[in-house]
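A quick write-up on the structure given underneath.
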Amino acid sequence: MSSEFEEGEFLSLEEEEEDLPKPKPRRTMKKPKPPKQPKPKVVKEITAEVVDMEVLGDYGGSHQVCWPIQDMDCPDCASKAAKAIGRLGHVSEINVSATNGSVSIIVDLDKGGMSEVSSILRSLGHSPDIIHQEIKGVKAEAIAQRHNISTKGLPRLFRRQPGVLDCEIDKEGRILLQIAPDLKPEFRKALDEALKSVIGSTYQLSESKSRRITPGQWRLIGSGVSFIFLILILGLKFVGVTNPYLIGGLGALGVLAGGMKMFSHAVANLRNRQMGFRVLTSLAVLGASYLGHWDEALMVVILVSWTEHMEAEALIKARKAMQGGLDRLPRTARRITKSAFGAMSVISSMSLAPTNSKESDGFEEIPVDLLMKGDTIEIRSGEFIPADGIIISGTGSVNKAPLTGESVPFDVAKGDELQAGLTLIRGPVTLKVVAVGEDTRLSGLIQAVHTYREQPTRLQGMLENFTSIWVPFVLVGAVVAGFFQPENGLNTVLLLWVVACPCALLLAAPVPHAAGLASASKNGAIARGGDVLEALAKVNLALLDKTGTLTSGKPRIGEIILGKGYKRTTALELAAGLEASSNHPYAQSIIELTKKEGLTPVKISGLKDGESGVHGRFSGKTVEMVRATKEGLSPKLDKALAEAFAQGHGASVLKKDGKSVALFTFVHDDLRPGAVELVKDLHSHGINVEMLSGDNQDAVNALATEIGLPEASRRQSRVG
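In short: position in the sequence shown from 1, add 771, done, that's our numbering.
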């Protein structure tokens, strides 16, 4: 029995290791089978899950993230994608934007990852529109061995890390990541630490050089191939070839080439319990193919591909136009260091390209993101203002059109506030920063536009609710209608599915909405959203500002009133020499008049911007073109200045060694082209027009008469 006992003890130890209950003493000598060893694959999967959760454990919490997505060109698609994402328990505040081509969510990393959201969007045809990043010097096999998992399971591990949307392993074993852009610093730090934990060391990312065909390009290629097969089929039928196998083979290849994307989107819609229009068109194409109507099937495939392509191109142009109207911040700012106070020096003008921080003569050129509240910065003529601030020294003029719509520059001086994104027409000025980044007025305006333009208008909401009922109704109703027509039942079903597809209806509201916002932005007007455009349809009174709205706001020289002993040509040539390098509207009007009269500006030495204008030296004497005030003017020039101000005109005075040479007046009331037609069109639509102006009433009446406004519609008001 000793051998029997030893064998029993051996079996008992083996079973205890597997955490099984100890067997009772056996009465037979039969040797039981050894327990089955778990397959290595199972062990690796368990190990991967443990590593996965260990790496993610320290980086939880809720975070707001946003990233661009491909092929998001349909508002109905955006709505259905948002509903599909909404079924994930760890995602909230979902906003899928067809206008912006992006998705924004708040994700709880304690419950799930961002890659799950990206996976759903990818299945619907909306992969991240982000360049893949390669982890340099790291191979997938080495990382997989480090974590005791298979190479195939490695992408899943990377996808669980915060900020990672997708991971791929190419044929060469390189690890390619898609990472959400513009992550907040704490989120970016979490991503960095997580990737270090997975890789086991520091790492470096670089853009992948591999080129990928976009969904839009695939769509064009597929529709092009389908078109070729359609021409072949029509040609064969024309010459009398009716071989069903030849025609069917060509038709099937064409349908697969051009319709594969449409079919995959339809399947994804069904999996996510969404009834999109692609379901209808896919059923119609499959039905036509089943009946052998290959030319009809191919035509539907081609039409769907081309309409989607045209819609996508229109929205891309709209996005660029809207972004261009809001992108007004420079990349760098010129910060004044302590050593600069009391000793301002001239360095190169502000760059709009990223540069490294550099210090010269008490100025430090730094990225705009490094500016802080309380910093002191210098702005020079022609530069964008990088942050909101209060002028602590210097004077100048600023173009406020992007924020107020007023095209005539405003004079600014010490104590005035300037907003980020505006252009300093004439300077320089020194600002004390009071708001940076997201706290600036421009940033708030941009955020408001982004928020409201994604909200569906009342009409669009009604259409989306209607189509959510209409599509299932058509799917079932077409089958019922076909049942009562036994001879052409299937044809009736297919015809109804194609004709009743709500594509055009769904595009009736959002496409004009996007086009209207883009057009407004391109022309310098920032509309808050589609609700504003809808409200404009109900307007019955339009209040129009005179300067910069009905007039172009581009000044022209009114009069040149000369001081005693000076000639007009001498004054004009001297003024043009002073303003030769200025971009101020008054300067441009002087230069244009000088060229028109065939005069040549004189050369001014030591040209520089001053507190109220430009200064230089000519023939050993100080010359300047400055803002006109009553100080130092002769009675003749003082009277002309008073008359100019009474009529709402601007004025500058040319001086030589402190003595007045000439007074230049500038008229702002040149009628904008199309202003008369605008007023007539508004009247024809039942909209009353009234003009507001802070100028002299005589100037208001003269312009109102020119554009055809009655006397009751002319208001003198200190507005703006």
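No residue lacks a Cβ here, since even glycine has one placed at the ideal position from N, Cα and C.
When you compare the region 917–924 with the region 901–909, are there three or more beta-carbon pairs, one atom per stretch, that lie closer than 8 Å?
no
Cβ-based neighbour list, F1155, same chain, cut-off 7 Å, excluding 5 preceding and 5 following
R1099, L1100, P1101, G1192 and T1194
In the DSSP output, which residue or residues are listed as bridge partners for E1461?
L1314
Taking Cβ to Cβ, would you say L1202 is nearer than 8 Å to I1137?
no
To the nearest whole angstrom, what separates the beta carbons of V862 and V888, a pair I think is in contact under 8 Å?
6 Å
Contacting residues, own chain, Cβ-Cβ under 7 Å from H897 (five flanking each side not counted):
I840, Q841, D842, M843 and A852
For R945, which residues from the same chain have a beta carbon less than 6 Å from its beta carbon, with the 5 sequence-adjacent residues on both sides left out?
E905
Do the CB positions of V969 and I914 come within less than 8 Å of each other?
yes
Based on DSSP bridge pairs, tell me the residues matched to G1160.
L1189 and V1204
Near N1127, which residues of its chain fall below 8 Å by C-beta distance, leaving aside the five closest residues on each side in sequence?
The pLDDT assigned to N1127 is 43, lower than 50, so where the model puts this residue is not dependable; a value taken from the coordinates is nonetheless given after this. For N1127, where only same-chain residues beyond five positions count, there are no Cβ hits under 8 Å.
Any heavy atom of the ligand NAP closer than 7 Å to the Cβ of N1459?
Absent from the structure shown: the ligand NAP. Ligands present: none.
Using DSSP with H/G/I as helix, E/B as strand and the rest coil, what is Q1359?
helix
Please state whether DSSP places P839 in a helix, a strand or coil.
strand
Between the alpha carbons of R959 and G934, how many angstroms are there, rounded?
8 Å
DSSP state of I906 mapped onto helix, strand, coil:
strand
For the alpha helix (DSSP H) containing M885, list its first residue and its last residue.
M885 to S894
Can you check whether the CB of L1463 is closer than 8 Å to the CB of L1314?
yes
Just the C-alpha distance for E939 and R1044, rounded to the nearest angstrom, thanks.
28 Å
Are A1104 and K1144 touching if we call contact CB-CB under 8 Å?
no
Quick one: any contact between the region 1397–1413 and the region 1327–1335, if contact means 3 or more CB pairs under 8 Å?
yes
Let me confirm a value: K923 is counted as buried when at least 16 other C-beta atoms fall within 10 Å, else exposed. Which label applies?
exposed
Ignore the nearest five residues each way along the sequence and tell me which others in L1480's own chain have a CB closer than 8 Å to its CB.
V1450, V1460, E1461 and M1462
Counting only runs of 3+ residues fully inside the region 920–980, write out the beta strand (DSSP E) ranges in chain order.
935–940, 945–950 and 976–978
Start and end residues, beta strand (DSSP E) containing R1105
T1103 to I1107
Report the three-state DSSP secondary structure of T1341 (helix, strand or coil).
helix
Just to confirm before moving on: does the CB-CB distance between V1394 and G1403 stay below 8 Å?
no
Does the Cβ of L827 have 16 or more other Cβ atoms within 10 Å, making it buried, or fewer, making it exposed?
Its pLDDT being 47, under 50, L827 is placed unreliably in this model, and the value from its coordinates should be taken loosely. The residue is buried, with at least 16 neighbouring Cβ atoms inside 10 Å.
Could you check the C-alpha separation between F1009 and A1037 for me, to the nearest Å?
34 Å
With P1015 as the anchor, note down where its alpha helix (DSSP H) starts and where it stops.
P1015 to R1042
Cα-Cα separation between N1472 and L1142, rounded to whole angstroms:
48 Å
Would you mind working out which of T1322, L1349 and E1477 sits nearest V1424, comparing C-alpha positions?
L1349
Please tell me whether Y1016 and V909 are closer than 8 Å, where the distance is taken between their beta carbons.
no
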